[in-house]
Amino acid sequence: MGKKLPPEELELYKAIDEILWRDWDPIGVNDMPEARDEYQSYLPHIFRLAVDGKDAEHISSSLVATIEGNIGLGASKEHFRVASKIVSAKNEIIG
1 MGKKLPPEEL
11 ELYKAIDEIL
21 WRDWDPIGVN
31 DMPEARDEYQ
41 SYLPHIFRLA
51 VDGKDAEHIS
61 SSLVATIEGN
71 IGLGASKEHF
81 RVASKIVSAK
91 NEIIG
């Protein structure tokens with residue numbers, strides 16, 4: 001069983017989950033409530049990158065690798081914007 005996150009990290013975890021769902025959505029399912037958990041398997045890795053202080057370029061590269069390697073789609077430059085939102089959320093919530 002995993003460890004319980006401190007409140008600030010839990011808030012960031014939820015924020016990143018929301019960013020991946022609303023802004024990243026590489027397969028275009030965020031208008032289908034039944035697919036709400038579609039990207040949650042990628043969440044722990046992206047969360048750890050953010051907590052470890054990785055920059056938007058690094059997180060963007062990871063998002064692109066996920067899309068190309070795991071999902072099997074091509075990626076666009078839009079992922080840097082999503083990664084920047086993740087870094088901003090980390091800075092606002094944890095510092």
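Going letter by letter, the sequence shown gives residues 1 to 95 in the working numbering.
The beta carbon of each residue, even a glycine, is placed where N, CA and C say it ideally should be.
Since we're looking at a predicted model, the values are computed, not measured.
Requested in this report: Would you mind stating whether Ile-19 and Lys-90 have Cβ atoms separated by less than 8 Å?
Outcome: no
Query raised in the report: When DSSP labels each residue in this structure, what does Ile-27 get in the three-state scheme?
Result: When secondary structure is reduced to three states using DSSP, Ile-27 falls in the coil class, being assigned neither helix nor strand.
Requested in this report: Inspect the beta-carbon positions of Leu-73 and Pro-7 and report whether they are closer than 8 Å.
Outcome: no
Query - DSSP state of Glu-68 mapped onto helix, strand, coil - result: helix
Query - Start-to-end residues for the alpha helix (DSSP H) that takes in Pro-44 - result: 43-51
Report task. Look at the Cβ atom of Ile-59, then the Cβ atom of Ile-46, and state whether they are nearer than 8 Å. Result -> yes
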